[in-house]
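Residue numbers (our numbering): 665 to 1110. We treat Cβ as the ideally placed atom computed from N, Cα and C, and that holds for glycine. One structure below.
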């Protein structure tokens, strides 16, 4: 039984993943692999240098994950077993293990969360599947929190109706009024008949002392014993592997991922993007757009030192603010925006406001008070304020408050432009058509 042979076969499965499901293939390259009898099947553990490692039991690989005379079925089972472990890692089930009180129920819920994304022929017969719990009517595409909560509710309902697992009943003790074991056995049989398929499946899993599928999670308590810093290091490593895997695959391949998995990855990737403080961006942008001029004073030039104190350098900011009034502008964000403009105005900036949709409807000097805007006049055309700036107002910079939903401007701005995009406006991935600097008014800074 060669360990190297098994590692070679694991590598072949890795190639299958790369060819069939590119995301999982790329992600698997970041995981350490080893053959070990520490596990009775296949599991993930922590290496000596605090990295996640996949370990494979040689007997399990050559028996349970092998169908004699059927090479394709063998490939499918091994593919599914490895993908199952990858999904646990991607969903960070081991890191979340300490958060949940009922560890066995958490194991069942985590397998449901993972196995829903694996084909039936790629799962072993004892795999925990959604089909085992038809009466629970579990929704697909959900995460561990949903499945744990739903199973907890069903388990509680079973206990209240006398159908809970023996494991859950041990604390209740024996009633002093019990007359005979035979009578109790008859009652238990009646209760068993009252259980539906889903309840029976859950009860059996909760009562099993040695379930091979749930035993694959036995190393998860190692993650619980890690320090906070070590857990954060592993969490960061998983995040990095997910981001790198997504960046390496083509858009069409990413689009083939199941919706629930895509949603999870999208939320994770978005959460890792640095939050930009739009207030700071606005202040830096306007400050850097100032121009200087020389001012003569009544002081004479110094004959002794050769200096010219009679000349004073002054900086001046002339800012054009364009307000998109075409659609439903968020009033709170608009108020916040003008609150920041007030501070810039107090520093001496000259601010001129134009209200526009497809054309400019109102224009005025900003005097420290937010305007009452008229909104909902139709579409948006970014060209009108830019043309006004180029030909008439001639500011040092333009700040455009908008949701960004409009065609790209065809007029080139002669001055720097900053697009203040509302939080519900055009997504960062789709705003490259806006020329100049762009910043999202994220809620974190409201």
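query: Roughly how many angstroms separate the alpha carbons of residue 1078 and residue 1086, rounded to a whole number?
result: 24 Å
- request: Could you tell me which uninterrupted beta strand (DSSP E) segments, each at least 3 residues in length, are contained entirely in the stretch 1014-1093, listed from first to last along the chain?
  value: 1014-1020, 1024-1029, 1061-1066 and 1081-1085
message: Just to confirm the assignment, what range does the beta strand (DSSP E) spanning residue 986 have?
response: 982-988
- request: Would you give the residue range spanned by the beta strand (DSSP E) that residue 696 belongs to?
  value: 696-699
query: Beta-carbon separation of residue 1052 and residue 1072 under 9 Å?
result: no
query: Per DSSP, what kind of secondary structure is residue 731 in: helix, strand or coil?
result: coil
- request: Grab the span of the beta strand (DSSP E) containing residue 1102 for me, first residue to last.
  value: 1101-1104
task: May I ask you to verify whether the stretch 728-741 touches the stretch 681-690, counting CB pairs closer than 8 Å and requiring at least 3?
output: no
message: Since residue 695 and residue 880 should fall inside the 8 Å C-beta cutoff, what is the C-beta to C-beta distance between them, to a whole number of angstroms?
response: Wrong, their Cβ atoms sit about 15 Å apart, outside the cutoff.
query: Between the stretch 1043-1061 and the stretch 983-992, do at least 3 Cβ pairs fall closer than 8 Å?
result: yes
message: Per the DSSP calculation, residue 720 is bridged to which residue(s)?
response: 699 and 706
message: Can you tell me whether residue 774 is buried or exposed? The criterion is at least 16 other CB atoms within 10 Å of its CB, across all chains shown.
response: buried
- request: Tell me the start and end of each unbroken alpha helix (DSSP H) in the stretch 862-944 that is at least 4 residues and wholly inside, in chain order.
  value: 876-879, 884-888, 892-912, 915-919 and 923-936
- prompt: Just the Cα atoms here: how many angstroms apart are residue 777 and residue 898?
  reply: 21 Å
task: In angstroms with no decimal places, state the Cα-to-Cα distance between residue 884 and residue 708.
output: 8 Å
message: How far does the alpha helix (DSSP H) with residue 824 in it extend, from its first residue to its last?
response: 808-824
field: Three-way DSSP call (helix, strand, coil) for residue 1012 in this model
entry: coil
- request: Determine, using beta carbons only, whether residue 866 and residue 772 come nearer to each other than 9 Å.
  value: yes
- prompt: Apart from the five residues just before and just after residue 909, which ones in its own chain have a Cβ nearer than 6 Å to its Cβ?
  reply: 687, 690 and 691
- prompt: In or out: residue 1081 buried (at least 16 other Cβ within 10 Å) or exposed?
  reply: buried
message: So, under 8 Å CB-CB, residue 704 and residue 724 are touching, yes? Tell me the CB distance rounded to an integer number of Å.
response: 7 Å
task: Compare the C-beta of residue 784 against all C-beta atoms of chain C and say whether one is closer than 9 Å.
output: Absent here is chain C; the protein component of the structure consists of one chain.
field: For residue 814 and residue 821, the rounded distance between their alpha carbons
entry: 11 Å
Beta-carbon separation (whole angstroms), residue 876 vs residue 809, contact threshold 8 Å: With 8 Å as the limit, residue 876 and residue 809 do not qualify as a contact, their Cβ atoms being about 25 Å apart.
message: Need the endpoints of the alpha helix (DSSP H) that residue 859 sits in, please.
response: Careful: residue 859 lies outside any alpha helix (DSSP H) and carries neither H nor E.
Start-to-end residues for the alpha helix (DSSP H) that takes in residue 788: From DSSP, residue 788 is part of no alpha helix (DSSP H); its letter is neither H nor E.
query: According to DSSP, is residue 743 helix, strand or coil?
result: helix
message: Give me, in chain order, the residues of the same chain whose beta-carbon lies closer than 6 Å to that of residue 984; leave out the 5 immediate sequence neighbours on both sides.
response: 1016, 1053, 1057, 1059 and 1062
query: According to DSSP, is residue 771 helix, strand or coil?
result: helix
query: Ends of the alpha helix (DSSP H) at residue 678?
result: 667-684
field: Closest by C-alpha distance to residue 1024, when choosing among 1014, 786, 943 and 1049
entry: 1049
task: Using three-state DSSP, classify residue 1098 as helix, strand or coil.
output: coil
task: Can you say whether residue 931 is buried or exposed, counting buried as having 16 or more other CB atoms within 10 angstroms of its CB?
output: exposed
field: Same chain, Cβ closer than 7 Å to residue 833, five either side skipped, listed in chain order
entry: Confidence at residue 833 is low in this model, with a pLDDT of 45, below 50, so the placement of that residue should be treated as unreliable; the coordinate-derived value is given next. Hits under 7 Å: none found.
When 669, 673, 677 and 681 are compared against residue 917, the one with the closest alpha-carbon: 681
task: Please report the Cβ distance between residue 999 and residue 1034, rounded to the nearest whole angstrom; I am assuming they are in contact, meaning their Cβ atoms lie under 8 Å.
output: 6 Å
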